[in-house]
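Chains as they are written, first to last, in the working numbering: chain A, 1 to 275; chain B, 276 to 546.
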């Protein structure tokens, strides 16, 4: 017994080192963001003597990070709302309403799940250009919804499959329409799954760079992630400002992660245990 | 009811439709296999393919690391709760943020080289040396995503029958023996899942890293098919060629995925 305990402590040391390696890059960046350029050039590692928030202010105002930030917030909020609405409706229907072709439809969604974005991005770009949706907020929102809807429907369907069918039947007998059942029963019951899927979708959309790069060519429509990449070119000699921009983009994710870590993990693993 | 069907079906059709228009490579005139000839004649695309081969070779490492760590976390190494939370964190960060951070860390005059210089290892041009850059990028990708696989492994562990582990302990099995004879066979489905998803992740979600860290360079050495698709579509404005590349990417993924499942199935049967 003492042997295994010793083994545990032996592996605990490299694991702690790895944990440090996981956090350190972010800490380093945060520290750099608080330095002046001079401090950074003289010494990269030492803790910043005083907190230079002006880097953050500079990144926020003069580079346009505030604008990119708002773009991201608008697009992510609309995409997630639409995804949850459509995903839960479709999930309810596929799990609890039998209609002609429902299983074929579900197979189609599963297939769509395995088609990577890179494979469809060329025709998608053409469709968006043809319909005039390119470089507009609705266009990007639609692209995100199209991209993440199969995943959302898949998770909502498997969640709603665990709801006993008697509940639906009882509600129907009580005189609810199908729509009423969805609105009064299924939507509230789906709340835990909706939270999980919603957080994941929000992260996907917030973190995406390829789709947004493709759909939003003009500078004033840039989302935050594309903004960060452009920052790199403009401020390659002003590392603290660059680091501040990175920090601005990372902080919302950090906050969400601290509060909703369990929901994120649930969403990630929901697909794996079913498969 | 009709409204729901319409509301429900229309976006589905839209989504599915979007997903499947990918096969229409050639718009306008029929050019046969010309695009594919161009594609495979392009040294950049060949580099991209070679890099895919490299990724496949590195895949077992990328799966073994989270698998091993998940085992330790499951066996309740001191502080396992903290590790779980910490390791998972980079997985939720955008590749752009991760790439930007490592741009700072791996710069030629950056902290990592300073640190290595301290112990007498000469500066390595992590992102500027064509032989090193792809490993640097893949390394960062693994750093950023191993937490995801770790969580999936842990979910697999939670389905594991604890009495099996107890039995192994009673029989006096060492830790490596337990891992090899008890844990790996019971988790074959999870391992299979992680293999396939990790591979898909390597082939389709490294764009952000490549875009920020190397832009495909130096000398095109860090091209991957997905980056090639983007360059042809977004920069060179050659959608037909880009489509050919993306079709090739899709085929690669299918083949690699099926081969993997085949190998893992057979390995599972031999147990």
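For every residue, glycine included, the Cβ atom is placed at its ideal position computed from N, Cα and C.
**Request:** Please decide whether residue 486 (chain B) counts as near chain D, where near means a Cβ-Cβ distance under 9 Å.
**Result:** Note that chain D does not occur in the displayed structure, where the protein chains are A and B.
**Helix, strand or coil at residue 99 (chain A) [DSSP, three-state]** = In the structure shown, residue 99 (chain A) falls within a coil segment according to DSSP collapsed to helix, strand and coil.
**Message:** Taking contact to mean 3 or more Cβ pairs, one atom from each stretch, closer than 8 Å, check whether the region 458-477 of chain B and the region 520-535 of chain B are in contact.
**Reply:** With the rule of 3 Cβ pairs closer than 8 Å, the region 458-477 of chain B counts as touching the region 520-535 of chain B.
**Asked** According to the Cβ coordinates, are residue 131 (chain A) and residue 139 (chain A) closer than 9 Å?
**Response** Yes.
**Prompt:** Tell me which same chain residues have a C-beta within less than 6 Å of the C-beta of residue 443 (chain B), skipping the five on either side of it?
**Reply:** Spatial neighbours of residue 443 (chain B) in its own chain (CB-CB distance under 6 Å, excluding positions within 5 residues in sequence) are listed in chain order as 453, 457.
**Spatially closest choice to residue 23 (chain A) from B:339, B:338, B:358, by CA coordinates** = Among B:339, B:338, B:358, the Cα nearest to that of residue 23 (chain A) is on B:358.
**Request:** Please name the residue, chosen from A:215, A:173, A:249, A:189, that lies closest to residue 203 (chain A) on a Cα-to-Cα basis.
**Result:** For the options A:215, A:173, A:249, A:189, the alpha carbon positioned closest to that of residue 203 (chain A) is the one of A:249.
**Request:** Measuring only between beta-carbons, confirm whether residue 193 (chain A) sits less than 9 Å from chain B.
**Result:** It does not: the Cβ of residue 193 (chain A) has no partner Cβ on chain B nearer than 9 Å.
**Request:** Check residue 368 (chain B) in the structure and name its three-state DSSP category.
**Result:** Coil.
**Message:** Could you check whether the Cβ of residue 208 (chain A) sits closer than 9 Å to any Cβ belonging to chain B?
**Reply:** Yes - at least one Cβ of chain B is within 9 Å of the one on residue 208 (chain A).
**Asked** Quick one, which of A:110, A:95, A:218, A:182 has its alpha-carbon nearest residue 285 (chain A)'s?
**Response** Residue 285 (chain A) lies beyond the stretch modelled for chain A, which goes from 1 to 275, so this question has no answer here.
**Alpha carbon of residue 113 (chain A) to alpha carbon of residue 150 (chain A), nearest angstrom** = Rounded to whole angstroms, residue 113 (chain A) to residue 150 (chain A) spans 6 Å at the Cα level.
**Between the CA atoms of residue 269 (chain A) and residue 109 (chain A) - distance to the nearest angstrom** = Rounded to the nearest angstrom, the two C-alpha atoms are 19 Å apart.
**Request:** Report the three-state DSSP secondary structure of residue 350 (chain B) (helix, strand or coil).
**Result:** If DSSP states are grouped into helix, strand and coil, residue 350 (chain B) belongs with coil.
**Request:** State the CB to CB distance for the pair residue 228 (chain A) and residue 199 (chain A), rounded to an integer number of angstroms; the pair is presumed to be in contact (CB under 8 Å).
**Result:** The pair is not a contact, with the Cβ atoms about 21 Å apart (cut-off 8 Å).
**Request:** Go ahead and label residue 226 (chain A) buried or exposed: buried means 16 or more other beta carbons lie within 10 angstroms of its beta carbon, across all protein chains shown.
**Result:** Buried is the call here.
**Cβ pair residue 379 (chain B), residue 411 (chain B) closer than 9 Å** = With a cutoff of 9 Å on beta-carbon distance, residue 379 (chain B) and residue 411 (chain B) are scored as not near each other.
**Prompt:** Any idea what DSSP makes of residue 537 (chain B), helix, strand or coil?
**Reply:** For residue 537 (chain B), the secondary structure class from DSSP, reduced to helix, strand or coil, is helix.
**Request:** Could you check if residue 524 (chain B) is buried or exposed, using at least 16 other CB atoms within 10 Å of its CB as the buried criterion?
**Result:** Looking at its Cβ environment, which holds 16 or more other Cβ atoms inside 10 Å, residue 524 (chain B) is buried.
**Item:** Beta carbon proximity, residue 25 (chain A) to chain B, threshold 9 Å
**Value:** So, interface residue.
**Asked** Since residue 133 (chain A) meets chain B, which of its residues come closer than 9 Å, beta carbon to beta carbon?
**Response** Going along chain B, no residue has its Cβ under 9 Å from residue 133 (chain A), so there is no contact; the nearest lies around 12 Å.
**Prompt:** In whole angstroms, what separates the C-alpha of residue 15 (chain A) from that of residue 216 (chain A)?
**Reply:** In a straight line, the C-alpha of residue 15 (chain A) is about 42 Å away from that of residue 216 (chain A).
**Prompt:** Exposed or buried, which one is residue 54 (chain A) when buried takes at least 16 other CB atoms within 10 Å?
**Reply:** Its Cβ having fewer than 16 others within 10 Å, residue 54 (chain A) is exposed.
**Message:** At the level of alpha carbons, what is the spacing between residue 471 (chain B) and residue 536 (chain B)?
**Reply:** Linking residue 471 (chain B) to residue 536 (chain B) through their CA atoms gives a straight-line distance of about 8 Å.
**Asked** Any beta-carbon of chain B closer than 9 Å to the one on residue 18 (chain A)?
**Response** Interface with chain B (9 Å Cβ-Cβ cutoff): residue 18 (chain A) is included.
**Request:** Check each residue of the region 363-377 of chain B: if its Cβ is closer than 9 Å to any Cβ of chain A, include it; give the result in chain order.
**Result:** Taking 9 Å as the Cβ-Cβ cut-off against chain A, the residues of the region 363-377 of chain B that qualify are 363, 364, 365, 366, 367, 368, 369, 370, 371, 372, 373, 374, 375, 376, 377.
**Message:** Please tell me whether residue 462 (chain B) has its Cβ less than 9 Å away from any Cβ of chain A.
**Reply:** Closer than 9 Å: no.
**Asked** Along chain B, in chain order, which residues have C-beta atoms closer than 8 Å to that of residue 68 (chain A)?
**Response** Neighbours of residue 68 (chain A) on chain B: none; closest Cβ ~12 Å, over 8 Å.
**Item:** Simplified DSSP state of residue 55 (chain A), which is helix, strand or coil
**Value:** DSSP places residue 55 (chain A) within a helical segment (H, G or I) once states are collapsed to three.
**Prompt:** At which residues does the alpha helix (DSSP H) containing residue 429 (chain B) begin and terminate?
**Reply:** Where residue 429 (chain B) is concerned, the enclosing alpha helix (DSSP H) stretches over 408-433.
**Asked** By Cβ distance below 8 Å, which residues in the same chain neighbour residue 363 (chain B) in space, the five residues on each side in sequence not counted?
**Response** Taken in chain order, the residues that qualify are 422, 423, 425, 426.
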